[in-house]
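S.K.: Please find one structure pasted underneath; my questions will follow.
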Amino acid sequence: MFFGSGKVLVIGEKETFIIKVLLGKLNDARLQTSFASENLNAINEAWPEDGLIVYYLEAGNRISPEISTFLKDKLSEDNKQLFVIGDAVDTRSVIDSMPPHLIGKVFERPLNYENFVSATLAYFNMVAEGETKRSVLIVDDDPNYMGLVREWLKDSYKVSMANSGMRAIKWLSSNSADLILLDYEMPVTDGPQVLEMLRSDQETKDIPVMFLTGKDDKESVMAVLSLKPEGYILKTSGKEELVNTIRKFFMSR
Numbered sequence: 000m001f002f003g004s005g006k007v008l009v010i011g012e013k014e015t016f017i018i019k020v021l022l023g024k025l026n027d028a029r030l031q032t033s034f035a036s037e038n039l040n041a042i043n044e045a046w047p048e049d050g051l052i053v054y055y056l057e058a059g060n061r062i063s064p065e066i067s068t069f070l071k072d073k074l075s076e077d078n079k080q081l082f083v084i085g086d087a088v089d090t091r092s093v094i095d096s097m098p099p100h101l102i103g104k105v106f107e108r109p110l111n112y113e114n115f116v117s118a119t120l121a122y123f124n125m126v127a128e129g130e131t132k133r134s135v136l137i138v139d140d141d142p143n144y145m146g147l148v149r150e151w152l153k154d155s156y157k158v159s160m161a162n163s164g165m166r167a168i169k170w171l172s173s174n175s176a177d178l179i180l181l182d183y184e185m186p187v188t189d190g191p192q193v194l195e196m197l198r199s200d201q202e203t204k205d206i207p208v209m210f211l212t213g214k215d216d217k218e219s220v221m222a223v224l225s226l227k228p229e230g231y232i233l234k235t236s237g238k239e240e241l242v243n244t245i246r247k248f249f250m251s252r
């Protein structure tokens, strides 16, 4: 549960009277605020380690390609979301250029401050409950390896585990995942069979899958890639390599 002191960075062309009022309303709700102009160095310097990013667009304003790229990378890397304020025609350009999971909410001008503060507090409640994290499902019959990978990922992602393909299918019938890490070689129902089942189901066919494999010879790798997964991860990979592979995957979405 969130009890205040969340950090909010508001980015805008300049710190107008409207933005100062917005910062004041957020302060009244016991939130820490800061402002950064549309300058890459200023945004980077003010970027909160934990918190929410808000972009206030004046009429006819657009986010520069340089800042847009920076925001996409940093939001993905830090598991943050962006609130956008502006006229519909201006916010549309942001929505079209950003991956959907990075956009938390869009607010039209003139801004309803009460609704905005309520949405901001709701966002911090979601963060406190871990609900803004991307969901990763690990499917592997080796509990030791599965537990190790969970330990590596749990601080950045919402991690669930299934020790068989059928348990994974059952779990997905009532839950969702943003990425599945699927063991290629499992008893009874192996990875390729599970992938085929996932792709034949309307509810799961679009969930990205990366194979986990212990074999790195050319023939084995080609067999894995022939199934056209999002990628594969060798089980001999260390923490840094595995975490970076998944981070880059989500940054590309």
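The sequence shown lines up with residues 0 to 252 when you count with numbering that gives the first Met the number 0.
Idealized CB from N, CA, C, for every residue including glycine.
Remember, predicted model here, so these are calculated numbers, not experimental data.
1) Does the region 148-157 come into contact with the region 185-201, if we say contact requires no fewer than three beta-carbon pairs (one atom in each stretch) closer than 8 Å?
2) Give me the Cα-Cα distance between P109 and G85, rounded to the nearest whole angstrom.
3) Just the Cα atoms here: how many angstroms apart are L241 and I179?
4) Have a look at P191 and E76 and give me their C-alpha separation to the nearest angstrom.
5) Taking the alpha carbon of D136 as the reference point, which residue from I168, I102, S67 and N38 has its own alpha carbon closest?
6) So A253 packs on A28, CB below 8 Å; how close in whole Å?
7) Since I believe V88 is in contact with V105 (beta carbons under 8 Å), could you give me their beta-carbon distance rounded to a whole number of angstroms?
8) Tell me where the beta strand (DSSP E) around M209 begins and ends.
9) DSSP state of S173, grouped into three classes?
10) Could you check whether L51 and S79 sit closer than 9 Å to each other, using their CB atoms as the reference points?
11) Identify which residue in K6, S225, D200 and L181 has its Cα closest to the Cα of M145.
12) Going by C-alpha to C-alpha distance, which of E48, K6, N38 and G230 sits closest to K13?
13) Enumerate in chain order the residues of its own chain whose CB-to-CB distance from R149 is below 7 Å, with the five nearest sequence positions on each side excluded.
M.R.: Reading off the structure:
1) The answer is no - the region 185-201 does not touch the region 148-157, with fewer than three Cβ pairs under 8 Å.
2) Looking up residue 109 in the sequence shown gives position 110. Looking up residue 85 in the sequence shown gives position 86. Using only the alpha carbons, I get a separation of about 8 Å.
3) By 1-based counting over the sequence shown, the position of residue 241 is 242. By 1-based counting over the sequence shown, the position of residue 179 is 180. Roughly 13 Å between the two C-alpha positions.
4) Against the sequence shown, residue 191 aligns to sequence position 192. Against the sequence shown, residue 76 aligns to sequence position 77. Straight-line Cα distance between these residues: approximately 30 Å.
5) If you number the sequence shown from 1, residue 136 lands on position 137. Looking at the sequence itself, residue 136 is Leu, so the reference to Asp does not match. Comparing alpha-carbon positions, the option among I168, I102, S67 and N38 lying closest to L136 turns out to be I168.
6) What the structure shows of the chain is the stretch from 0 to 252, and residue 253 is not part of that stretch, so it cannot be assessed.
7) By 1-based counting over the sequence shown, the position of residue 105 is 106. By 1-based counting over the sequence shown, the position of residue 88 is 89. Actually they are not in contact, since the Cβ atoms of V105 and V88 sit about 12 Å apart, beyond 8 Å.
8) Indexing the sequence shown from 1 puts residue 209 at position 210. Per DSSP, the unbroken beta strand (DSSP E) holding M209 starts and ends at V208 to T212.
9) Reading the sequence shown from its first residue, position 174 is the one you call residue 173. Coil, per DSSP.
10) Working through the sequence shown from its first residue, we reach residue 79 at position 80. Working through the sequence shown from its first residue, we reach residue 51 at position 52. What sits at residue 79 in the sequence shown is Lys, not Ser. Between K79 and L51, the gap from beta carbon to beta carbon is short of 9 Å.
11) Taking the sequence shown and counting its residues from 1, one reaches residue 145 at position 146. When only C-alpha atoms are compared, the closest one is L181.
12) Indexing the sequence shown from 1 puts residue 13 at position 14. The residue from E48, K6, N38 and G230 with its alpha-carbon nearest to that of K13 is N38.
13) The sequence position of residue 149 within the sequence shown is 150, counting from 1. For R149, where only same-chain residues beyond five positions count, the Cβ hits under 7 Å are I137, V158 and M160.
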